[in-house]
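Report on the following structure.
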Amino acid sequence: MKTAFSLPQRILHWLMAVLILFNLLFSDVMTTFGELYFGDKPIPPEIMTSANIHAYVGIAILALALARLCLRIAQGAPPHPVEEPAVSRVVATITHWALYAMFIIMPLAGIGAFYFKNGMAAFAHIGWMKTALWILIGLHILGVLVHQFYWKTNIIRRMTSG
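Take the sequence shown: its letter number 80 is residue 80 in full-length UniProt numbering, and every next letter is one higher.
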């Protein structure tokens with residue numbers, strides 16, 4: 001029985017975590033960019049450079065998410081620990097698939113906003129999608145902490161050392 005994610009799955013997980021946190025934590029410039037871009041005002045080079053970096057990182061996240069989803073479908077995931085209550089298994093499953101969905105739809109909305117000047121996509125991207133992603137990340141981390149310190153399943157090993 002599989003007890004850990006494969007090495008490629010683990011690498012993709014941590015690489016995506018770094019890129020997602022980068023884009024979430026350093027997204028303030030995109031507010032300024034959006035005001036200028038959608039207001040048809042000139043965009044200073046340093047703002048454009050930062051916006052391009054944000055967009056390229058988002059596209060990388062999308063590509064990595066698709067690769068990760070393919071690996072997840074092909075290789076599967078380890079089963080839930082037996083110590084985990086049934087309701088927590090349902091919450092974990094929903095949270096994981098919601099994260100996968102966000103890894104795909106959020107960059108697509110960003111592409112729609114950045115490259116096609118779609119205001120609805122921009123509004124969703126910086127609004128409910130960003131909030132939902134933070135909530136899902138929080139639930140994910142909370143789940144790991146509960147497993148590690150309450151149920152003592154050492155679940156973190158599945159995504160670290162294998």
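For every residue, glycine included, the Cβ atom is placed at its ideal position computed from N, Cα and C. Just so it is clear, the structure is predicted and the values come from calculations on it, not from any experiment.
Measuring only the C-alpha atoms, how far is residue i from residue j?
{"i": "Gly143", "j": "Cys70", "result": "24 angstroms"}
{"i": "Glu84", "j": "Ala60", "result": "34 angstroms"}
{"i": "Phe116", "j": "Val87", "result": "42 angstroms"}
{"i": "Ala121", "j": "Met1", "result": "42 angstroms"}
{"i": "Val18", "j": "Leu24", "result": "10 angstroms"}
{"i": "Ala77", "j": "Asn154", "result": "16 angstroms"}
{"i": "Leu108", "j": "Thr95", "result": "20 angstroms"}
{"i": "Ile156", "j": "Val90", "result": "19 angstroms"}
{"i": "Asn52", "j": "Ile43", "result": "12 angstroms"}
{"i": "Leu7", "j": "Tyr100", "result": "18 angstroms"}
{"i": "Val146", "j": "Lys152", "result": "8 angstroms"}
Quick test of your reading: residue i and residue j, contact by CB under 8 angstroms. State the CB separation rounded to the nearest angstrom.
{"i": "Gly110", "j": "Gly58", "result": "5 angstroms"}
{"i": "Ile135", "j": "Met30", "result": "Not a contact, Cβ separation roughly 20 angstroms."}
{"i": "Leu12", "j": "Leu66", "result": "Contact flag wrong, Cβ pair sits at about 10 angstroms."}
{"i": "Ala4", "j": "Gly162", "result": "4 angstroms"}
Tell me whether the beta-carbon of residue i lies closer than 8 angstroms to the beta-carbon of residue j.
{"i": "Ile47", "j": "Leu36", "result": "yes"}
{"i": "Ile104", "j": "Leu139", "result": "no"}
{"i": "Met102", "j": "Leu133", "result": "yes"}
{"i": "Arg68", "j": "Met16", "result": "yes"}
{"i": "Gln148", "j": "Gln75", "result": "no"}
{"i": "Ala92", "j": "His80", "result": "yes"}
{"i": "Ala55", "j": "Phe114", "result": "yes"}
Quick check on residue i: does DSSP put it in helix, strand or coil?
{"i": "Pro79", "result": "coil"}
{"i": "Lys130", "result": "helix"}
{"i": "Tyr56", "result": "helix"}
{"i": "Glu35", "result": "helix"}
{"i": "Met120", "result": "helix"}
{"i": "Thr95", "result": "helix"}
{"i": "Glu84", "result": "coil"}
Is any heavy atom in the ligand FMN found nearer than 7 angstroms to the beta carbon of residue i?
{"i": "Gly162", "result": "For the ligand FMN, the structure offers nothing, since it holds no ligand at all."}
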